[in-house]
Structure formats: structure tokens, C-alpha cells
Amino acid sequence: TNLPAIELLGEIGHSNLEAIALLAEMINTTDDHDLRRQAAVSLGKLDPNHPQAGIRRVKIIDLEMQLNGSKVAFMVTFIPEADGEINVHLRVYPTKSKYLKPNLELLVLDQQGEIFLSAQSRSADNWIQLEFNGERGDRFIVKLVLGDASFSKEFFL
283 TNLPAIELLG
293 EIGHSNLEAI
303 ALLAEMINTT
313 DDHDLRRQAA
323 VSLGKLDPNH
333 PQAGIRRVKI
343 IDLEMQLNGS
353 KVAFMVTFIP
363 EADGEINVHL
373 RVYPTKSKYL
383 KPNLELLVLD
393 QQGEIFLSAQ
403 SRSADNWIQL
413 EFNGERGDRF
423 IVKLVLGDAS
433 FSKEFFL
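Numbering of the sequence shown is given in our numbering, commencing with residue 283 and proceeding in unit increments.
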């Protein structure tokens, strides 16, 4: 696929109007959701104020004893949609091992604290992920749980 090339554009094309136009066109024309997401993230690096610019952040999480010293990466990506909503993509993956620990839960809680999306790792999962759309002003909480250990982060769109 073109994902590595699009990611590279985000690194080397800073303030390059041709690269910005190419990424914006790709966002508008591709049916490949992963390609569109990466194009929006790369566009966000080149022109953070562009209306189609995406944001991606990664945080390393250590759930202490439950992960036996291994850590996971929690990645969140926000992409503006044409209808004004915001696409939210969440992914958790191991930082050093090949697979996640089994039974690691990725939960999304709504404004009332109720779970509205969840994923749970199995013994041979490289990652777990969830995706949904929200509106500006929406609030949600992401929670990672393994046994008695947990991590929570609140987000506002």
C-alpha cells in the first residue's frame, strides 16, 4: 500500500503546498480508510490548521505487575469527517513483545460512565482497537484494564 509513502510525506513535506494538496486530495478520493487516516495524520503534521488535518498521539502505559514489567502503547487518532463529526480511532499494542497479554480490556465509556464500546485481547493478538464517530463537545473516557490494574484517560472532542 501507499501508507509508508504517505507517512514519509508527513515528515519531509513541511509547509510544502504540493504535498499538502496531494494529501488533501487523497483524503477526499480514497476509499481505503487506513490510507485516509494516515493521509490526515500526515496532513496534520504539515499543516495543523488545515480543516482535514488529523491528530495522532501515543502514550506508553505500564499497568505494573499485571503486565509483568512489559508496557503497552495506547494510540489515539482524531480525524475530522466531511459531515462535521470526528472519527476516533483507538489502538493498544505491545511495546516490546509480539503479543498483548490475554484479557487486556480496552473500554470506551460515555459521559454517564457507561461502557459503549469494548475490546478484549486474546492470547495471540498483536493489538486491539476500537473506532467510533463523535461530535464536537462530546466527552468520553478510555479505560485499559488488566486484572486489578487500570488506566483511564478522559477526552473532549
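Note that beta-carbon positions come from the ideal geometry of N, C-alpha and C, so glycine has one too.
Proximity below 8 Å, CB of residue i to CB of residue j
{"i": "L389", "j": "K435", "result": "no"}
{"i": "L239", "j": "G416", "result": "Any answer about residue 239 is impossible in this case: the structure gives the chain only from 283 up to 439."}
{"i": "L412", "j": "L399", "result": "yes"}
{"i": "D344", "j": "K353", "result": "yes"}
{"i": "T359", "j": "R319", "result": "yes"}
{"i": "R338", "j": "V323", "result": "yes"}
Coarse secondary structure for residue i, derived from DSSP in three states
{"i": "T311", "result": "helix"}
{"i": "R339", "result": "strand"}
{"i": "S324", "result": "helix"}
{"i": "L391", "result": "strand"}
{"i": "R421", "result": "strand"}
{"i": "A431", "result": "strand"}
Residue(s) in a DSSP beta bridge with residue i
{"i": "T359", "result": "R338 and H371"}
{"i": "I397", "result": "L391"}
{"i": "P376", "result": "V354"}
{"i": "G416", "result": "I368"}
{"i": "E436", "result": "I423"}
{"i": "I302", "result": "In DSSP, I302 forms no bridge with anything."}
Alpha carbon of residue i to alpha carbon of residue j, nearest angstrom
{"i": "A321", "j": "Q394", "result": "33 Å"}
{"i": "N385", "j": "I397", "result": "17 Å"}
{"i": "V427", "j": "A401", "result": "11 Å"}
{"i": "R373", "j": "D313", "result": "21 Å"}
{"i": "A355", "j": "T377", "result": "6 Å"}
{"i": "N408", "j": "S379", "result": "9 Å"}
{"i": "N298", "j": "P330", "result": "13 Å"}
{"i": "A431", "j": "I423", "result": "16 Å"}
{"i": "R421", "j": "E367", "result": "13 Å"}
{"i": "D357", "j": "K341", "result": "Reading the sequence as shown, one finds Met at residue 357 and not Asp. Going from the Cα of M357 to the Cα of K341 covers about 7 Å."}
{"i": "R418", "j": "N369", "result": "11 Å"}
{"i": "A306", "j": "L325", "result": "7 Å"}
{"i": "F414", "j": "L328", "result": "25 Å"}
{"i": "P333", "j": "F437", "result": "20 Å"}
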